[in-house]
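Written below as structure tokens is the structure these notes are about.
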Amino acid sequence: QSFARIQDVESKVRAFLTLDEENARAAAQQLDEQLATGGAASPLFGLPIGIKDNMVTEGLTTTCASKFLSNYNPIYDATVVSKLKAAQTITIGKLNMDEFAMGGSNENSAFHPSHNPWNTEYVPGGSSGGSAAAVAAGEVYFALGSDTGGSIRQPAAYCGIVGLKPTYGLVSRYGLVAFASSLDQIGPLTKNVEDSAYLLQAIAGHDPKDSTSAKVDIPDYLKALTGDIKGLRIGVPQEYMGKGVDPAVKEKVLEALKVLESLGATWEEVTLPHSEYAVAAYYLLASSEASSNLARFDGIRYGVRSDNARNLLDVYNMSRSEGFGPEVKRRIMLGTYALSSGYYDAYYLKAQKVRTLIKQDFEQVFEKYDIIIGPTAPTPAFKIGEQSGDPLTMYLNDILTIPVSLAGIPAISVPCGFVGGLPVGLQMIGKALDEATLLRVAHAFE
Ligand code: GLN
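Reminder that position 9 of the sequence shown reads as 511 in this note's numbering, one-by-one numbering, no gaps.
Below is the structure:
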């Protein structure tokens, strides 16, 4: 069924980098046999899924949408991939993204951009754009994405689906190719909130292979979907509804708040005063971490080595200049600069301090409110090519998702209507490790 749909729409959506039909069919047959011989079926039994191409899959090419890794065939599965196999899902293939998850439109993929299924002239968002497009187009039942500064929530908003970024540390990062290790988090992209709860249940939990993985008990997320949000106190940050946010998007958010009020919730305006510094702090911190993480791509250990190299220095220089795309190079340079001695205190350290202030902003609001709500992105999706020449404008699209990433707290984007024929996302932000409340409110709203 999944492959029939892919046959119909993939030439327009272009969500996949690798399709794995043979193994998927074999896995499906094996599951059928298990069932026929009395084996038990999990809630996710037999469902076709897609994996963002920055999570390693044993024997299945994992490129991070980079030329550098175009020949990389991992010898192990990421923890999330093993967990989904254990939950009896079937991996259909690997999904497109911005190279090394750096970007917000999928246009930074070294191979091809993906298209928004609602209007194929528009971007699906990014960096998990392939994941969002594949789910929205019905090519897979659900997908995994990763979110460093908004890369699950923003594409979910642009494609009209549900995207959940869990609390930092709730889902293992083992086998996720690192972009900015203190921010990266894997999460579900699904058609509805119930599926999101099922998928989170399957992938959350402590993993000894990830030293930042949280040692916490995982609640029953399905049980949280009670439909009851009476008495819920919502905070709406004035910074998320101000200048720079499309008035039509704001209108949709206000309509959504009315729906939540009709279900028994109340809302008030709140303030997150350090939000305006979030984008600057993020691009310093994320680029710094990226410059250190990407040092392992040297033409020796992984991926492609330049054919033109004649000595060791050439191997590094040429493999990197041929293997990385322009956005990745920009971030490596920015990060190396920020970390260099003499600049460290002025940039990296200062950004770390801003990060703490942003975290405290959220903690203060959560003393009085159960949940924070605002738009996921300032506008609906933009046209392919419209912003690709202008990295700064592109960076500003993340203004509403980045603060949450810096604070390490969970947030979910749920569809809340259309503007100009394109979907708009409502962002719900929760307390650390309180995914249950987020899912409950999102489910009641949907
Ligand atoms: N768009 C942001 C960036 O380019 C976020 C990316 C992400 O979350 N992976 O860094």
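Just so you know, even glycine gets a beta-carbon here, dropped at the ideal spot from N, CA and C.
No experiment lies behind these values; they were computed from the predicted model shown.
Spatial neighbours of residue i in its chain, beta-carbon cut-off 7 angstroms, leaving aside the 5 residues before and after
{"i": "R728", "result": "Note on identity: in this sequence residue 728 is Thr, with Arg being the wrong assignment. Cβ neighbours of T728 beyond the five flanking positions: R942."}
{"i": "P715", "result": "The identity of residue 715 in the sequence shown is Ser, whereas the question assumes Pro. Same-chain partners within the cutoff: G671, S674, H708 and D709."}
{"i": "A938", "result": "P721, Y723 and A726"}
{"i": "Y897", "result": "V781 and Y785"}
{"i": "Y643", "result": "L549, P550 and I551"}
Inter-residue spacing [alpha-carbon to alpha-carbon] between residue i and residue j
{"i": "N618", "j": "V515", "result": "7 angstroms"}
{"i": "Y733", "j": "Y871", "result": "Here residue 733 is Gly; the residue named in the question, Tyr, does not match the sequence. Rounded to the nearest angstrom, the two C-alpha atoms are 11 angstroms apart."}
{"i": "N608", "j": "G540", "result": "44 angstroms"}
{"i": "S572", "j": "D809", "result": "15 angstroms"}
{"i": "I736", "j": "L597", "result": "35 angstroms"}
{"i": "L722", "j": "Y700", "result": "This sequence places Asp at residue 722; Leu is not what is there. Looking at the two C-alpha atoms, the distance is approximately 9 angstroms."}
{"i": "A797", "j": "R807", "result": "14 angstroms"}
{"i": "F864", "j": "F799", "result": "36 angstroms"}
{"i": "G521", "j": "A639", "result": "Sequence inspection shows Leu at residue 521; the Gly mentioned does not correspond to that position. In a straight line, the C-alpha of L521 is about 16 angstroms away from that of A639."}
{"i": "Y742", "j": "K752", "result": "9 angstroms"}
{"i": "G548", "j": "G801", "result": "39 angstroms"}
{"i": "P749", "j": "E523", "result": "44 angstroms"}
{"i": "M599", "j": "G605", "result": "8 angstroms"}
{"i": "V817", "j": "R803", "result": "11 angstroms"}
{"i": "V747", "j": "T881", "result": "7 angstroms"}
{"i": "F947", "j": "L762", "result": "6 angstroms"}
{"i": "Q740", "j": "A726", "result": "29 angstroms"}
{"i": "V755", "j": "A879", "result": "11 angstroms"}
{"i": "A528", "j": "T593", "result": "11 angstroms"}
{"i": "Q866", "j": "I860", "result": "10 angstroms"}
{"i": "T564", "j": "K587", "result": "17 angstroms"}
{"i": "G825", "j": "Q889", "result": "23 angstroms"}
{"i": "L928", "j": "Y660", "result": "11 angstroms"}
{"i": "S684", "j": "E770", "result": "32 angstroms"}
{"i": "E829", "j": "L815", "result": "23 angstroms"}
{"i": "A758", "j": "G919", "result": "9 angstroms"}
{"i": "Q703", "j": "N575", "result": "28 angstroms"}
{"i": "Q862", "j": "F505", "result": "47 angstroms"}
{"i": "K693", "j": "A635", "result": "11 angstroms"}
{"i": "T669", "j": "I688", "result": "10 angstroms"}
{"i": "H776", "j": "T903", "result": "14 angstroms"}
{"i": "A840", "j": "N813", "result": "29 angstroms"}
{"i": "F884", "j": "Q503", "result": "31 angstroms"}
{"i": "E869", "j": "S823", "result": "49 angstroms"}
{"i": "F681", "j": "S843", "result": "22 angstroms"}
{"i": "G805", "j": "C566", "result": "11 angstroms"}
{"i": "D900", "j": "V511", "result": "29 angstroms"}
Sequence-distant residues of its chain with Cβ nearer than 8 angstroms to residue i (five each side left out)
{"i": "G923", "result": "W620 and N621"}
{"i": "Y578", "result": "V558, E560 and G677"}
{"i": "G827", "result": "S568, K569, E601, N610 and A612"}
{"i": "I886", "result": "S607, E609, P615, H617, E623, Y624 and V625"}
Rounded distance between the beta-carbons of residue j and residue i, thought under 8 angstroms
{"i": "L935", "j": "V718", "result": "6 angstroms"}
{"i": "G665", "j": "L691", "result": "5 angstroms"}
{"i": "P925", "j": "G662", "result": "3 angstroms"}
{"i": "N556", "j": "V679", "result": "4 angstroms"}
{"i": "S633", "j": "A645", "result": "4 angstroms"}
{"i": "F518", "j": "G595", "result": "5 angstroms"}
{"i": "H945", "j": "V695", "result": "4 angstroms"}
{"i": "S648", "j": "A603", "result": "6 angstroms"}
{"i": "L908", "j": "R833", "result": "The Cβ separation is near 17 angstroms, so there is no contact."}
{"i": "L537", "j": "A543", "result": "6 angstroms"}
{"i": "T591", "j": "L546", "result": "5 angstroms"}
Chain-order list of residues whose beta-carbon lies under 6 angstroms from that of residue i (same chain, five-residue window excluded)
{"i": "L894", "result": "none"}
{"i": "G631", "result": "N608, S616 and P657"}
{"i": "G507", "result": "Reading off the sequence, residue 507 comes out as Arg, not Gly. G640 and E641."}
{"i": "I931", "result": "I874, V906 and A913"}
{"i": "P917", "result": "G662 and P925"}
{"i": "L836", "result": "S789"}
{"i": "S794", "result": "none"}
{"i": "T838", "result": "S793"}
{"i": "V772", "result": "G737, P739 and V867"}
{"i": "A811", "result": "V817 and M820"}
{"i": "S698", "result": "V664, L666, P690 and T692"}
{"i": "A526", "result": "I592 and I594"}
The region 706 to 721 in contact with the region 839 to 851 per 3-pair CB rule at 8 angstroms: No: the two stretches stay apart, fewer than three of their Cβ pairs being nearer than 8 angstroms.
Segment contact, 8 angstroms Cβ cut-off, at least three pairs: the region 551 to 560 with the region 772 to 786: The region 551 to 560, when compared against the region 772 to 786, does not touch it at the 8 angstroms Cβ threshold.
Stretch pair the region 652 to 663 + the region 901 to 916: three plus CB contacts closer than 8 angstroms: Flag = yes, the region 652 to 663 and the region 901 to 916 touch.
Touching by the beta-carbon criterion (3+ pairs, under 8 angstroms), the region 581 to 596 and the region 766 to 774: A contact between stretches requires three or more CB pairs, one per stretch, nearer than 8 angstroms, and the region 581 to 596 fails this requirement with the region 766 to 774.
Cβ pair count under 8 angstroms reaching 3, the region 853 to 862 against the region 783 to 795: Because the criterion of three Cβ pairs below 8 angstroms is met, the region 853 to 862 and the region 783 to 795 touch.
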